[in-house]
Amino acid sequence: MSVFSTKAEKIFILAFFFIALGIPLFFNENTFYVNKISSMLILSIFVMSLDYLVGRTGLISLGHAMFYGLGGYLFAIMLPEYEVVNFWLYTFYVMTASAVIAFVVGLIVLRTSGIYMIMITLALAQMTFYFFADSTEYGGLDGLFIYLKPETSIFGLNFLDLDNEIHFYYLCLLSLFNCYLFCKISLNSRFGRVIDAIKENPDRALALGYNIFHFRLIAYVLSSSLAAYAGYLFSLQYGFVNPTMMSWEVSASALVMAILGGLGTIFGAILGVFVYESLHYAIEHMTQYWMFWMGSLIIVMVLTLKSGIAGLVEQFVTGKRK
Amino acid sequence: MNDCILQAENLSKHWGGLKALNEFNIKFHDKSVHGIVGPNGAGKSTMLNILCGTYPATKGVILYKGENITNLKSYQFCRKGIGRSFQKTNIFREATCLENCCIAAQQRIGKCFNLFQPRQADKKVREIALDALEQAGLSRRANTRAGAISYGEQRQLEIAMVLATAPQVLLLDEPMAGMGHEESQTIIELLKKLKQRYCIVLVEHDMDAVFELSDLMTVMVDGQHLITDVVDNIRSNPLVQEAYLGNDDEVF
């Protein structure tokens, strides 16, 4: 059984990772673009985790940035000052801590669904936002700084230097690839079968004897931990965290990217992020009224592409029009 | 008569001031069809929904093989062996018929929280699902998308999914609703086969079908139990004729 659901997905994923592997070779002199693409890779992980929740589990969250921000903050808070820590160990700490938080938050928000879930996730994310924005201990609106980047040795071997932009780029690429694999494998598993069933027809799944709350909770925890991991990478890239990471605009634009890419396709998250961010970058340089043009363009794209850009790729590959 | 497998004692359901079900007593026996009829609004569906745990009962006790299951959660009813089909077709339309039954069968096999084993890998789930499709006479549709098969076949699939959960009691809510004569015949034949093995509770408006299939029948009126008897006695019972069958206004 292949990991890919469709031929289009296979072609896209292979092409994407092949090109992405070579990107630093082209921009060897200019690390600006490598950094820019690294941040898009990180964002892709975040949007992919949101697609897991919204597109596949059928739970619409407008507060997913809370975990993105928490990933960064948890790391910055746990980090001892003036000490170089191990990257892998702290990856484990950050993800475990955010999973525990997601579990508790999930117990609350998953009691609701639909529009109420949107409201409660938004409310909790805003609460967290203001908690960090008003706290003097955690730096208020300025956030926290990470002075020393972690080292990445594992069993005494050290391949990656996080201060090196190219190395960091490959770490992000590897993370995105693993994240993609994890999403695909877990959605293709026995667990994924139940998740698909619950998304399509929760009442029927319940009548078949599934405790849908448990399944939703697990999906919520998985998705939130992935989002936290993305936030953790973000904090490593820029060397700081601040409350803007968990503002509702971040959640909303991630949702736009997921929808633009094609909800429920998982690989569409990568497409959504790259198209959105490229457009953003391009239009921003052409006019100061970029938001207007960007918004109009997104409206047109969402209206014309029913299953997002992933659907467009699908049509292109199969040569069929639906 | 066979053993009593499912039993309701003094079952009541009140929606505000409305007594949808009032002090209802009924017993269901293994390997038989128990037909339940009554005019619209008599509380048939309400009772079915309580028996499978969808609605909590306001009052009363449900006994399954002598065990009190009144306070179980709705998903636990299915695990006990009480499977239900829905009045309005309720299937996973985007999945294939086989996958529909696999979803049902996997619940029983377990390991549903396994994140890494591919869903196709388990032979047992597949076997159960194929067997359920076979029993419901849908084998040739195994790989067709459930939303694409005919309405009658979807009703069959609905029953196949319940079978895949390995039930002992089948609560069927109008399995023949909206069907043509030929399609109904398919379901009647199917249920005749199934009653050799299961306890079937059949709520149905198609009188010919109910009379043909049932071993015992219960007539309900206004949430009250009117009479439970063998089919022939029901037909000739003056109370029933007055309350239900003789009523010309009633449209079935």
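Protein chains in written order, with my numbering: chain X, 306 to 627; chain Z, -7 to 244.
Backbone N, C-alpha and C fix where the C-beta goes; we use that ideal spot for every residue, glycine too.
The structure displayed is predicted, hence computed values, not measured ones.
Residue nearest to residue i in terms of C-alpha spacing, selected from the options
i: Z:T46; options: Z:I74, Z:A128, Z:G58; result: Z:I74
i: Z:L218; options: Z:D(-5), Z:K103, Z:A34; result: Z:A34
i: Z:C191; options: Z:D207, Z:D22, Z:D200, Z:N14; result: Z:D22
i: X:D508; options: Z:I54, Z:F78, Z:A12, Z:V223; result: Z:F78
i: X:A407; options: X:A510, X:S530, X:M550; result: X:S530
i: X:C488; options: X:M345, X:A510, X:N335, X:L358; result: X:L358
i: X:S558; options: X:H369, X:T362, X:A510; result: X:H369
i: Z:L155; options: Z:L130, Z:A140, Z:M209; result: Z:L130
i: Z:L208; options: Z:K11, Z:K19, Z:N14, Z:S4; result: Z:K19
i: X:L513; options: Z:A97, Z:R118, Z:P167, Z:Q112; result: Z:A97
i: X:H472; options: X:Y395, X:L538, X:R495, X:K504; result: X:L538
i: X:G376; options: X:L449, X:G461, X:F321, X:V499; result: X:L449
i: X:R521; options: X:A325, X:F323, X:L364; result: X:L364
i: X:V526; options: X:D447, X:L384, X:V410, X:P548; result: X:V410
i: Z:K115; options: Z:I101, Z:F105, Z:N229, Z:R76; result: Z:I101
i: X:G374; options: X:F351, X:V390, X:W393; result: X:F351
i: Z:F69; options: Z:A158, Z:K184, Z:L10; result: Z:A158
i: X:S562; options: X:N547, X:T549, X:V546, X:E582; result: Note that residue 562 of chain X is Met in the sequence shown, not Ser. Considering only alpha carbons, the answer is X:E582.
i: X:P329; options: X:L492, X:F597, X:L478; result: X:L478
i: Z:C94; options: Z:R71, Z:A124, Z:Q109; result: Z:A124
i: Z:E204; options: Z:E119, Z:V222, Z:V213; result: Z:V222
Where residue i falls, given that 16 or more other Cβ within 10 Å makes a residue buried
i: X:G327; result: exposed
i: Z:H173; result: exposed
i: Z:Q188; result: exposed
i: X:H590; result: exposed
i: X:Y475; result: buried
i: X:F337; result: exposed
i: Z:M(-7); result: Residue confidence for Z:M(-7) is low, a pLDDT of 49 falling below 50, so the modelled location carries little weight and cannot support an answer.
i: X:M551; result: buried
i: X:S304; result: Nothing about residue 304 of chain X can be read from this structure; chain X reaches only from 306 to 627.
i: X:K627; result: Annotation note: pLDDT 47 at X:K627 (below 50); position unreliable, no value reported.
i: X:Y452; result: exposed
i: Z:L90; result: buried
i: Z:K36; result: buried
i: X:G461; result: exposed
i: Z:A138; result: buried
i: Z:P48; result: exposed
i: X:G613; result: buried
i: X:G343; result: First, the residue type needs correcting, since residue 343 of chain X is Ser and not Gly in the sequence shown. Buried is the call here.
i: Z:V202; result: buried
i: X:M432; result: exposed
i: X:Y387; result: exposed
i: X:M306; result: At X:M306 the pLDDT is 44, less than 50, meaning the model places this residue with poor confidence; the figure from the coordinates comes in the next sentence. It counts as exposed.
i: Z:V211; result: buried
i: Z:S24; result: buried
Interface partners of residue i on chain X, CB under 7 Å
i: Z:Y67; result: L511, G514, Y515, N516
i: Z:R76; result: A512
i: Z:Q99; result: L513, G514, Y515
i: Z:R111; result: N493, S494, R495, G497, R498
i: Z:E86; result: E505
Contact set between residue i and chain X, taken where Cβ atoms lie within less than 9 Å
i: Z:K116; result: Those do not exist, as Z:K116 stays about 12 Å from chain X at its closest Cβ, beyond 9 Å.
i: Z:I192; result: Under the 9 Å cutoff, chain X gives no residues; its nearest Cβ is about 17 Å from Z:I192.
i: Z:C(-4); result: Ordered by position in chain X, no residue passes the 9 Å Cβ test against Z:C(-4), which lies about 23 Å from the chain.
i: Z:E181; result: None at all; the shortest Cβ gap to chain X is about 25 Å.
i: Z:M119; result: In the sequence as presented, Met is not what sits at residue 119 of chain Z; that position holds Glu. Going along chain X, no residue has its Cβ under 9 Å from Z:E119, so there is no contact; the nearest lies around 15 Å.
Where residue i meets chain Z, residues with beta-carbon distance less than 7 Å
i: X:I490; result: F108
Contact set between residue i and chain Z, taken where Cβ atoms lie within less than 8 Å
i: X:I523; result: F105
Residue i CB to nearest heavy atom of the ligand GDP below 7 Å
i: Z:L55; result: Looking at this structure, you won't find the ligand GDP or any other ligand, since it has none at all.
Interface residues of chain X facing residue i [CB-CB closer than 8 Å]
i: Z:N229; result: Ordered by position in chain X, no residue passes the 8 Å Cβ test against Z:N229, which lies about 34 Å from the chain.
i: Z:C70; result: A512, L513, G514
i: Z:Q160; result: What Z:Q160 touches in chain X: nothing, since even the nearest Cβ is about 13 Å away.
i: Z:N82; result: N506, D508, R509, A512
Proximal chain A residues relative to residue i, where beta-carbon distance stays under 7 Å
i: Z:A96; result: Considering every chain present, this structure includes no chain A. Its protein chains are X and Z.
- At what residue ranges does the segment 108 to 188 of chain Z contain a whole run of the alpha helix (DSSP H), taking only runs of 4 or more? 115 to 127, 143 to 156, 173 to 186
- Using Cβ-Cβ distances below 7 Å, what residues of the segment 5 to 39 of chain Z are close to chain X? Taking a C-beta cut-off of 7 Å against chain X, none of the residues of the segment 5 to 39 of chain Z qualify.
- Residues of the segment 199 to 217 of chain Z whose Cβ lies closer than 9 Å to any Cβ of chain X, in chain order: none
- Query: Listed from N- to C-terminal order along the chain, which residues in the segment 492 to 509 of chain X have their beta-carbon within a distance smaller than 8 Å of any beta-carbon of chain Z?
  - Reply: N493, S494, R495, F496, G497, R498, V499, D501, A502, E505, N506, D508, R509
- Which residues, in order along the segment 142 to 158 of chain Z, keep a beta-carbon less than 8 Å from a beta-carbon of chain X? M153, T157
- Query: Can you list, in chain order, the stretches of the beta strand (DSSP E) that have 3 or more residues and sit fully within the segment 410 to 456 of chain X?
  - Reply: With a minimum length of 3 residues, no continuous beta strand (DSSP E) run stays inside the segment 410 to 456 of chain X.
- Secondary structure, alpha helix (DSSP H): runs of 4+ residues fully inside the segment -5 to 29 of chain Z: none
- Message: If we require 4 or more residues per run, which alpha helix (DSSP H) segments fall completely within the segment 463 to 518 of chain X?
- Response: 470 to 492, 495 to 505, 507 to 512
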